[in-house]
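This report concerns only the one structure given below.
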Amino acid sequence: MSLRGGTGRPAGPPEHARFRPSVPPRFRGLPANPDVAVIGAGAAGIAAARRLIARGLSVALVEARDRVGGRAFTALMRGHPIDLGAHWLHAGPVNPLVALGRARGEPLRRAAQDGHLWIGRRRGRAAEQAAFSRAFDVADRAMTLAAGRREDGPASGAVPASLGPWRERIGLVHALVSGRPLGEVSLHDWPSLEYGDNYFIAGGYGAYLARLALDLPIRLGAAVSGIDTTGPGVQIRLADGGTLAARAVVVSVPIPVLQGSVRFEPPLPARHRDAIDGFRAGIYEHAVLHWPSAPFRGRDRLASLVGGRHEPPGMLTRIDDTPFHYFELDAASAEAADALRSGPDVERRFARAVLAEHVGGRRMRDLAIPAVTAWRHDPWSRGAWAVVPPGHAQARSLLHEPVAARIWFAGEANSRLQWGTAGGRLRGGDPRGRCDRRSSLG
Ligand SMILES: Cc1cc2nc3c(=O)[nH]c(=O)nc-3n(C[C@H](O)[C@H](O)[C@H](O)COP(=O)(O)OP(=O)(O)OC[C@H]3O[C@@H](n4cnc5c(N)ncnc54)[C@H](O)[C@@H]3O)c2cc1C
Numbered sequence: 004m005s006l007r008g009g010t011g012r013p014a015g016p017p018e019h020a021r022f023r024p025s026v027p028p029r030f031r032g033l034p035a036n037p038d039v040a041v042i043g044a045g046a047a048g049i050a051a052a053r054r055l056i057a058r059g060l061s062v063a064l065v066e067a068r069d070r071v072g073g074r075a076f077t078a079l080m081r082g083h084p085i086d087l088g089a090h091w092l093h094a095g096p097v098n099p100l101v102a103l104g105r106a107r108g109e110p111l112r113r114a115a116q117d118g119h120l121w122i123g124r125r126r127g128r129a130a131e132q133a134a135f136s137r138a139f140d141v142a143d144r145a146m147t148l149a150a151g152r153r154e155d156g157p158a159s160g161a162v163p164a165s166l167g168p169w170r171e172r173i174g175l176v177h178a179l180v181s182g183r184p185l186g187e188v189s190l191h192d193w194p195s196l197e198y199g200d201n202y203f204i205a206g207g208y209g210a211y212l213a214r215l216a217l218d219l220p221i222r223l224g225a226a227v228s229g230i231d232t233t234g235p236g237v238q239i240r241l242a243d244g245g246t247l248a249a250r251a252v253v254v255s256v257p258i259p260v261l262q263g264s265v266r267f268e269p270p271l272p273a274r275h276r277d278a279i280d281g282f283r284a285g286i287y288e289h290a291v292l293h294w295p296s297a298p299f300r301g302r303d304r305l306a307s308l309v310g311g312r313h314e315p316p317g318m319l320t321r322i323d324d325t326p327f328h329y330f331e332l333d334a335a336s337a338e339a340a341d342a343l344r345s346g347p348d349v350e351r352r353f354a355r356a357v358l359a360e361h362v363g364g365r366r367m368r369d370l371a372i373p374a375v376t377a378w379r380h381d382p383w384s385r386g387a388w389a390v391v392p393p394g395h396a397q398a399r400s401l402l403h404e405p406v407a408a409r410i411w412f413a414g415e416a417n418s419r420l421q422w423g424t425a426g427g428r429l430r431g432g433d434p435r436g437r438c439d440r441r442s443s444l445g
């Protein structure tokens, strides 16, 4: 089955939004006249609120959805906590959520270093595994070097030709983790992504963030439509007609939402507006498989299926030793599925067709696909993370500059070291006027 052809987008709410969070909410009410309003209760908003409260400020956190965690969301499926958004705690040595998790005694486990390679209908041999892994190292070194030496341009231009048969595969994997095809990703921004030494957390990433949000002053179901700094302090306008006054505001809503549905009065300065509008929405979606008899052994192993008519850019198998797996959809396959206007069923059929080609239809009798995410169609995210296109590499650092000493931006887009990650979510503003890139959630 191919995903090519057709036009348009599916209708209806995104499928992941139908699930309930595994950690029930327990929050405090909002204070009457908060020092700081924080907009968005994802990783960045939760982190900002915790830090500000720890410094003695009063905070009101307002969140559009009826749950916290944003793009980190754990739902219970067949009794197992399964992440529908962020799942990996990347770059352990520099990830503040890993440091905080250790300090809290959270159940972190280091990600396995090995994975599965499947070539056509057979398992890859040891020599093929080694060649594949060497090709990744060569590509990483070449791209990092090129970023230091060349003018900015598409990251695709720095993938070395010498990778031979692995070149296309490596481009596909990097496009998946970049959120866009490499031709649309800034070379100068690309190498700042740190992916070594990764961790998982038992019970799910979304559940971890939801625990960090317990007892914070949060109002759910409060979508912000405007931010007004024409008078003293800040007036936050809610979509239901309500308002909230504060001395300062931390804006942690995703960049694509800021591009479209939050109105600033007076308008943002041109440098901030240009920085925000220049990002592109990255796409990365999980098709969640429940597949007890899948031929992939070992807990939390990545699987690369190559050499077929269709090569899925990535899979994570036997998540936390359960029968659950992710079949990942990159920008190209998600956009092609949208063009067919058939909703998530077309992605289900695609996943089945690809797997059947590699492992054979008979092995798939117990395969179910209980969820296919669509963060790109979710009005409160409109994408997986913010991607810097070629020539726009200064945008992240610009977001660190406050506006009128009252508006600070926080969120994954701010972090150069860990962009696109939940761990990189609070490398941004601090309403006390400090900008601490080593800040932690604690
Ligand atoms: C499928 C998928 C897999 C991913 N995998 C990983 C991974 O393995 N590891 C990793 O580190 N990262 C991963 N990411 C990225 C990670 O999820 C994000 O970088 C991170 O969650 C962003 O945190 P944030 O606080 O900046 O934004 P968000 O989590 O999006 O939080 C923003 C909050 O603002 C709220 N909001 C939006 N608009 C409004 C409004 N108008 N008014 C009020 N509230 C509003 C939203 O509802 C949301 O709660 C993944 C993302 C996706 C989609």
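Quick note on this note's numbering: the sequence shown kicks off at 4 and runs consecutively. Just so you know, even glycine gets a beta-carbon here, dropped at the ideal spot from N, CA and C.
Between the CA atoms of residue j and residue i - distance to the nearest angstrom
{"i": "Arg-321", "j": "Gly-301", "result": "7 Å"}
{"i": "Ala-342", "j": "Glu-360", "result": "23 Å"}
{"i": "Gly-45", "j": "Arg-137", "result": "37 Å"}
{"i": "Met-318", "j": "Tyr-329", "result": "5 Å"}
{"i": "Gly-9", "j": "Ala-339", "result": "Because the pLDDT of Gly-9 is 39, which lies under 50, any placement of that residue in the model is unreliable, and the number read from its coordinates should be weighed accordingly. Gly-9 and Ala-339: Cα-Cα distance of roughly 8 Å."}
{"i": "Gly-15", "j": "Ala-335", "result": "21 Å"}
{"i": "Leu-219", "j": "Val-97", "result": "25 Å"}
{"i": "Gly-209", "j": "Ala-158", "result": "31 Å"}
{"i": "Ala-503", "j": "Asp-69", "result": "A question about residue 503 goes unanswered here, because the residues of the chain that appear run from 4 up to 445."}
{"i": "Ala-306", "j": "Gln-238", "result": "49 Å"}
{"i": "Leu-33", "j": "Ser-61", "result": "9 Å"}
{"i": "Gln-397", "j": "Ala-416", "result": "12 Å"}
{"i": "Ile-372", "j": "Asp-303", "result": "18 Å"}
{"i": "Ala-106", "j": "Val-253", "result": "26 Å"}
{"i": "Pro-259", "j": "Arg-365", "result": "42 Å"}
{"i": "Val-390", "j": "Asn-201", "result": "21 Å"}
{"i": "Val-65", "j": "Pro-99", "result": "23 Å"}
{"i": "Arg-222", "j": "Gln-132", "result": "50 Å"}
{"i": "Ser-25", "j": "Ala-102", "result": "23 Å"}
{"i": "Ala-278", "j": "Ala-164", "result": "33 Å"}
{"i": "Val-291", "j": "Ser-400", "result": "35 Å"}
Range covered by the alpha helix (DSSP H) that runs through residue i
{"i": "Met-146", "result": "129-152"}
{"i": "Arg-107", "result": "99-107"}
{"i": "Tyr-208", "result": "208-216"}
{"i": "Ser-181", "result": "170-181"}
{"i": "Ser-228", "result": "Ser-228 -> not in any alpha helix (DSSP H); beta strand (DSSP E) instead, spanning 227-231."}
{"i": "Ala-398", "result": "398-401"}
Limits of the beta strand (DSSP E) - the one that residue i falls within
{"i": "Tyr-329", "result": "327-332"}
{"i": "Ala-374", "result": "371-375"}
{"i": "Arg-240", "result": "237-241"}
{"i": "Phe-203", "result": "202-204"}
{"i": "His-119", "result": "119-122"}
{"i": "Met-318", "result": "318-320"}
{"i": "Asp-86", "result": "83-86"}
{"i": "Val-41", "result": "39-42"}
{"i": "Leu-247", "result": "246-249"}
8 Å contact criterion, which residue i and residue j should meet: CB distance rounded
{"i": "Leu-111", "j": "Gly-118", "result": "Not confirmed; about 20 Å, so no contact."}
{"i": "Gly-48", "j": "Ser-384", "result": "With a Cβ gap of about 13 Å, Gly-48 and Ser-384 do not count as contacting."}
{"i": "Asp-333", "j": "Tyr-287", "result": "7 Å"}
{"i": "Pro-315", "j": "Glu-331", "result": "7 Å"}
Helix, strand or coil at residue i [DSSP, three-state]
{"i": "Ala-78", "result": "strand"}
{"i": "Gly-285", "result": "strand"}
{"i": "Ala-407", "result": "coil"}
{"i": "Ser-165", "result": "helix"}
{"i": "Gly-263", "result": "helix"}
{"i": "Gly-432", "result": "For Gly-432, the predicted model reports a pLDDT of 37, less than 50, meaning its position is unreliable and no value from the coordinates is stated."}
{"i": "Pro-28", "result": "coil"}
{"i": "Pro-113", "result": "Residue identity check: residue 113 is Arg in the sequence provided, not Pro. Of the three classes helix, strand and coil, the one that applies to Arg-113 here is strand, per DSSP."}
{"i": "Ser-61", "result": "coil"}
{"i": "Phe-22", "result": "coil"}
{"i": "Val-362", "result": "helix"}
{"i": "Val-309", "result": "strand"}
{"i": "Trp-388", "result": "strand"}
{"i": "Phe-412", "result": "strand"}
{"i": "Arg-300", "result": "coil"}
{"i": "Arg-7", "result": "Low per-residue confidence applies at Arg-7: pLDDT is 42, beneath 50, and the placement is therefore not dependable enough to give any value."}
{"i": "Phe-357", "result": "Inspection of the sequence shows that residue 357 is occupied by Val rather than by Phe. Looking at Val-357 - three-state DSSP - the assignment turns out to be helix."}
{"i": "Pro-272", "result": "coil"}
{"i": "Ala-256", "result": "The question names Ala, but residue 256 is Val in the sequence shown. In the structure shown, Val-256 sits in coil (DSSP, three-state: anything other than H, G, I, E or B)."}
Ligand 3 heavy atom lying under 7 Å from the CB of residue i
{"i": "Ala-46", "result": "For the structure depicted, ligand 3 is absent and the ligand set comprises only ligand 1."}
Residue i at chain D interface by Cβ criterion, 8 Å
{"i": "Gly-72", "result": "Looking for chain D here will not work: only one protein chain is present."}
Is there contact here, the region 400-417 with the region 203-217, by at least three beta-carbon pairs under 8 Å?
Segments in contact, no.
Taking 8 Å as the cut-off, does the region 367-382 touch the region 397-406 (at least 3 CB pairs, one atom from each stretch)?
Flag = no, the region 397-406 and the region 367-382 do not touch.
Stretch-stretch touch, CB-based, cutoff 8 Å, three pairs: the region 33-52 with the region 174-183
In short, these stretches do not touch, since the Cβ pair count stays below three.
Pairs of beta-carbons, one from the region 80-92 and one from the region 260-273, closer than 8 Å: are there three or more?
A contact between stretches requires three or more CB pairs, one per stretch, nearer than 8 Å, and the region 80-92 fails this requirement with the region 260-273.
Flag this pair as touching only if the region 249-268 and the region 213-231 have three or more C-beta atom pairs under 8 Å; answer yes or no.
In this structure the region 249-268 lies against the region 213-231, because at least three pairs of beta carbons, one per stretch, are closer than 8 Å.
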